[in-house]
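The sequence shown runs 4 to 120 under this note's numbering.
We put the CB at the ideal spot given by N, CA and C, even for glycine.
Data block below; observations after.
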Amino acid sequence: VGPRAKFEALQRHFPRASNETKGLLLLSCVKLLNASPEALKQDVVGFLREIKDGHEDVQLQQRAIELIYLCKDEDLLDQVLCPMPPYADHVQQNNPLIQRLKFQSKSRAATRAQLEE
Numbered sequence: 004v005g006p007r008a009k010f011e012a013l014q015r016h017f018p019r020a021s022n023e024t025k026g027l028l029l030l031s032c033v034k035l036l037n038a039s040p041e042a043l044k045q046d047v048v049g050f051l052r053e054i055k056d057g058h059e060d061v062q063l064q065q066r067a068i069e070l071i072y073l074c075k076d077e078d079l080l081d082q083v084l085c086p087m088p089p090y091a092d093h094v095q096q097n098n099p100l101i102q103r104l105k106f107q108s109k110s111r112a113a114t115r116a117q118l119e120e
């Protein structure tokens, strides 16, 4: 699924979300922008401006303002939202949470390796 489709899905579900979830959705939109700046810059910044200018929740307005300013500086945006590096293989293989999920009888959860088989 491409970045535009992901953004459109977030935008489509935004009105039905709680205000707490809306804050997370705004941040998710900006993370998508950071991953694909040329494809989404106008759309994401426009969406943030709509929230800044027209949403009834002042905390969401404030978050939108902060994210708009963050989007203005691509280096800062990349520095703030850079993805975490993957864990080393030995850490992933010896993860106690994964081990617990493997042996839990009622859980439907599976490790990534089991899902990829």
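Residue closest to residue i, alpha-carbon to alpha-carbon, out of the options
i	options	result
residue 7	17, 47, 22	47
residue 68	84, 39, 50, 42	50
residue 79	60, 37, 65, 23	37
residue 27	63, 106, 44	63
residue 73	103, 40, 56	40
residue 10	96, 87, 66, 44	44
Alpha-carbon spacing of residue i relative to residue j, whole angstroms
i	j	result
residue 24	residue 77	25 Å
residue 102	residue 54	43 Å
residue 32	residue 59	20 Å
residue 119	residue 22	Only weak support is given to the placement of residue 119: the predicted model assigns it a pLDDT of 48, under 50, and the value that follows is read from those uncertain coordinates. Distance between the alpha carbons of residue 119 and residue 22: 36 Å.
residue 56	residue 19	19 Å
Beta carbon of residue i nearer than 8 Å to that of residue j
i	j	result
residue 66	residue 29	yes
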